[in-house]
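In full-length UniProt numbering, the protein residues as written are 1 to 77.
Glycine included, every Cβ here is placed at the ideal spot set by N, Cα and C.
So, in structure tokens, the structure goes:
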């Protein structure tokens, strides 16, 4: 399956939105995302099916979240 091609403007918007989802102002209130977090110990991570579409983009640009080395998990920095 081919990866979508995003413009630089779209990439910036995606990163901004994902970082908002993991922000201190959103995460404590976000039932969906908290339900997707895995792991008993901190930092909890989001499963690969939630991350796959944006992993490459986030690895290159995100400041609040990071992608693991295999590109299958996402967590707050």
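Query	Result
Backbone CA spacing between residue 21 and residue 70 [nearest angstrom]	22 Å
Whether residue 77 touches residue 44 by CB criterion (8 Å)	no
Close Cβ partners of residue 64 (< 7 Å) along its chain, the five nearest in sequence each way excluded	19, 22, 23, 76 and 77
Residue burial classification, residue 62 (beta-carbon count within 10 angstroms, cutoff 16)	buried
Where the alpha helix (DSSP H) containing residue 33 begins and where it ends	31-36
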